[in-house]
Amino acid sequence: MADKDDRDRSANRPWWVDALDPVENLRALANVQDFGRIAAEELADRLLAGRDGRDGTPTGAAATEAELDQLVRRFQAEAVRAGDTWASFIDLFATLVGVLSRLPRRAGPAPGPAPVALAATPGTEATAVFYVHNTSAAAVGGVRPHCAPLRSHLGDALAADAVRFDPEVVDPLPPRGSCGIEVRCRVPPDAAPGTYVSVVLVSNVPELFLPLRLTVRREAEA
Amino acid sequence: MSGAPEAAAGPDELLAGYRRRASEEIERRLPHGEPREWLYEPLADYPRRTGKGLRAALCLAACAAHGGPEDDALAAAAAIELAHSAFLVHDDIQDGSDWRRGHPTLHRRVGLPLAVNAGDALAVLSLEVLRADTGRLGRRLGLQVLSEFSSAMWQTLEGQAVELGWRRDGVTNLSPGDYLELILRKTCWYTTIAPLRIGALIGSWGNADLQALSRFGLFLGAAFQITDDVLNLTGGQAAYGKEIRGDLREGKRTLMVIHLLSVAEPPHRDAVVALLRGPEAERTDDRLDWLADLLERYGSIAFAREFARGVADAAAAAFPAAFGTAARPEQAEVIRQLIGYVVERTR
């Protein structure tokens, strides 16, 4: 930093006048280093002071305070680092949730209609009711339920005529109307125990299909 | 990889070590692809030419002195060097220079339009390198570094505008104070102040004393630039790498020219002003010989040399405050050695 004499001189006239005056030049050149140092320091004082950061250089007797200050600053640094890490973690987690929420659902069988479930012992009949809905604005005629023969996983079959529907046909099914249909399943006396399945379809209601599951139990299990 | 280079090594060897590490990092970051011939090859030209490595050295050493691994600041050092290359490409075009680091300037090699474009690309690349590093530094520190970087770039652009404006408008009534303020903006911010501040921020994780570093950086950068101006007059082209007397041909208002205008007898002064304000074509080799002779006879070159030594003294005086509170001040020894180097160097 400039000494007092230098400061006093610069307060009265620019520090470089001596150096740039032709008469004084030779004498002043010997002090050019001082001029350079003072010029640079004055510029720093004018343009950099208070720009940012903290000032002060603890030395000597303040060494302990300096060490403490150093520790505090390192602690702050680590705290900031930890804060940044957590902020990054939260950002990443939020991003992950966002990405997952935009992923398409895994392809697989769409949940189908609930099966019509029946249970009976050989030589008896089981019944259940299902409903046919007409969600359109027009009446639907010739609504006739039917199904293929019931089969077990062992290949045993019950004849198609073992299953009957009541009513056999609904004609017409009114607009936005519903109709309950009873399904009756007669189990032959010699039917083997097990689970038999088929599908109920309904004429003129192409979107409807209903799994039909008949459980034939032994008489002792009933 | 970290730790201070060997203490016994001289400044040239120390700088070479830092330069090599920064060069490897830059090479890793250079983009490839098409159009290779028209963009990616010209873009890589200046970063691959051997510079002094001063910016990288200051950035990495400041990081180490403030407690961080030097590798943490490698990307920032690479970004600063890339921005430096971007400035050099455009600076050579603005000055109409023919030589840079011992080879033809980029616009002489590939043509003006492609060189302008490559300079733009280098500026964008420097920002990309910093942005990519933000994830590793954390959002807060990453933004601090980006802010420091952009602030320094603005200072540089403002300083460059002032210098170009002086030349376009024939401004000659300048004092050494005007010159110092010019080089604070044009050179010091991105050559010394920003590398020190950014390295210290990374090393201390955002807690360094930046003001003391800025003060030291200003003095170191000013001593560096004044010496650079002197070398432009007195150095050998092979070692200096640029055109000797290129500054005079371009009509730059260096500290030596400002000194000459202040001390010369009126006839000489008027002739120098006319030469500086005239078109560059009038600054022929004969006229430049005459001008260089005047600078020698009036003591302007000696004045600048001594002035630079005085500024270096200010840097030495500011050094303890700049690194006294750093976590590992012994790692700043490399930087202290550079104070003498910047004024005594020959290239």
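Line by line, the protein sequences are chains A and V.
Taking my numbering, the leading residue of the first sequence gets 122, the next gets one more, and so forth.
Taking my numbering, the leading residue of the second sequence gets 246, the next gets one more, and so forth.
Beta carbons: idealized from backbone N, C-alpha and C, even for Gly.
What you are looking at is a predicted structure, and each value in this text was computed from that prediction instead of being measured.
Review point. Run through DSSP, which three-state label would residue 122 (chain A) get?
Key: Note that residue 122 (chain A) scores a pLDDT of 38, beneath 50, so its modelled location is shaky; the value from the coordinates is reported in the next line. If DSSP states are grouped into helix, strand and coil, residue 122 (chain A) belongs with coil.
Review point. Would you report the Cα separation of residue 338 (chain A) and residue 285 (chain A), rounded to the nearest angstrom?
Key: 20 Å
Review point. Under 7 Å Cβ-Cβ, which residues of chain A neighbour residue 558 (chain V)?
Key: Here the neighbours are 154, 158.
Point to revise | Residue-chain proximity (residue 247 (chain V), chain A), Cβ-Cβ < 8 Å | key: Any reading at residue 247 (chain V) must be qualified, since the residue scores a pLDDT of 44, below 50, and its modelled position is unreliable; the value itself is stated next. So, not an interface residue.
Exercise for review: Find the nearest neighbour of residue 557 (chain V) within the set V:345, V:466, V:377, judged by alpha-carbon distance.
Suggested key: V:466
Exercise for review: Just mark residue 252 (chain A) as buried or exposed, buried being the case when its beta carbon has 16 or more other beta carbons within 10 Å.
Suggested key: exposed
Review point. On the three-state DSSP scale, how would you describe residue 343 (chain V)?
Key: coil
Review point. So with Cβ pairs under 8 Å, would you call residue 456 (chain V) a contact of chain A?
Key: Closer than 8 Å: yes.
Practice item. Pull up the distance between the alpha-carbon of residue 174 (chain A) and that of residue 554 (chain V), whole angstroms please. Key: Confidence at residue 174 (chain A) is low in this model, with a pLDDT of 40, below 50, so the placement of that residue should be treated as unreliable; the coordinate-derived value is given next. The straight-line gap from Cα to Cα measures roughly 28 Å.
Check your understanding: What are the complete beta strand (DSSP E) segments, minimum 3 residues, inside the segment 275-329 of chain A?
Key -> 284-287, 299-307, 315-323
Practice item. Could you tell me which chain A residues have their CB closer than 8 Å to the CB of residue 426 (chain V), listed as they occur along the chain? Key: 164, 168
Review point. Straight-line CA distance for residue 405 (chain V) to residue 220 (chain A)?
Key: CA-to-CA, the gap between residue 405 (chain V) and residue 220 (chain A) works out to about 47 Å.
Practice item. Output yes if chain V places a C-beta closer than 8 Å to the C-beta of residue 161 (chain A); else output no. Key: Taking a beta-carbon distance threshold of 8 Å, residue 161 (chain A) counts as an interface residue toward chain V.
Point to revise | Reduced DSSP category for residue 267 (chain A) - H, G, I as helix; E, B as strand; rest coil | key: strand
Point to revise | CB contact flag (residue 521 (chain V), residue 437 (chain V), <8 Å) | key: The Cβ atoms of residue 521 (chain V) and residue 437 (chain V) lie no closer than 8 Å to each other.
**Study point:** Cα-Cα separation, residue 258 (chain V) to residue 296 (chain V)
**Key:** 13 Å
Review point. Which word fits residue 434 (chain V), buried or exposed, when buried means at least 16 other C-beta atoms lie within 10 angstroms of its C-beta?
Key: Under this definition residue 434 (chain V) is a buried residue.
Review point. Does the beta-carbon of residue 290 (chain A) have 16 or more other beta-carbons within 10 angstroms, so that it is buried, or is it exposed?
Key: By the neighbour-count rule (16 or more Cβ atoms within 10 Å), residue 290 (chain A) is not buried but exposed.
Exercise for review: Rounded to whole angstroms, what's the CA-CA distance from residue 542 (chain V) to residue 512 (chain V)? Just pull it up for me.
Suggested key: 15 Å
Practice item. Out of A:167, A:256, A:157, state which residue places its alpha-carbon closest to the alpha-carbon of residue 294 (chain A). Key: Nearest option by C-alpha distance: A:256.
Check your understanding: Are there 16 or more other CB atoms within 10 angstroms of the CB of residue 309 (chain A), so buried, or fewer, so exposed?
Key -> exposed
Practice item. Identify, in the order they occur along the chain, each residue of the same chain with its Cβ nearer than 8 Å to the Cβ of residue 164 (chain A), setting aside the five sequence neighbours on each side. Key: Only residues of its own chain outside the window of five on either side were considered, and among them none has a CB closer than 8 Å to the CB of residue 164 (chain A).
Check your understanding: In whole angstroms, what is the alpha-carbon distance linking residue 534 (chain V) and residue 494 (chain V)?
Key -> 11 Å
Review point. So, are the CB atoms of residue 490 (chain V) and residue 500 (chain V) less than 8 Å apart?
Key: no
Check your understanding: Does the separation of the CB atoms of residue 345 (chain V) and residue 294 (chain V) fall below 8 Å?
Key -> Taking the C-beta atoms as reference points, residue 294 (chain V) is found nearer than 8 Å to residue 345 (chain V).
Check your understanding: Excluding the five sequence neighbours on either side, which residues of its own chain have a C-beta within less than 7 Å of the C-beta of residue 310 (chain V), listed in chain order?
Key -> If we look at residue 310 (chain V) and ignore the five residues flanking it on each side, its Cβ neighbours are 448, 568, 571, 573, 574, 576, 577.
Point to revise | Own chain, CB closer than 6 Å to residue 397 (chain V), minus 5 neighbours either side, in chain order | key: Around residue 397 (chain V): 434, 435, 439.
Check your understanding: chain A beta carbons: is any one of them nearer than 8 Å to that of residue 548 (chain V)?
Key -> yes
Exercise for review: Report whether the distance from the Cβ of residue 340 (chain V) to the nearest heavy atom of the ligand NAD is below 7 Å.
Suggested key: The ligand NAD is absent from the structure shown, which contains no ligand whatsoever.
Practice item. Quick one: grab the DSSP three-state call for residue 332 (chain A). Key: strand
Point to revise | Secondary structure of residue 128 (chain A), DSSP reduced to three states | key: Here residue 128 (chain A) scores only 40 on pLDDT, less than 50, and its place in the model should not be relied on; the value that follows carries that caveat. Under the three-state reduction of DSSP, residue 128 (chain A) is assigned to helix.
Check your understanding: Over what stretch of residues does the alpha helix (DSSP H) that includes residue 493 (chain V) continue unbroken?
Key -> 491-495
**Study point:** Unbroken alpha helix (DSSP H) run spanning residue 254 (chain A), endpoints
**Key:** Where residue 254 (chain A) is concerned, there is no enclosing alpha helix (DSSP H), although the beta strand (DSSP E) it sits in stretches over 246-254.
Point to revise | Span of the alpha helix (DSSP H) around residue 368 (chain V) | key: 357-382
Review point. Under the DSSP definition of a beta bridge, which residues are partnered with residue 240 (chain A)?
Key: A:336
**Study point:** Cβ contact check for the segment 253-273 of chain V and the segment 351-366 of chain V: 3 or more pairs under 8 Å
**Key:** no
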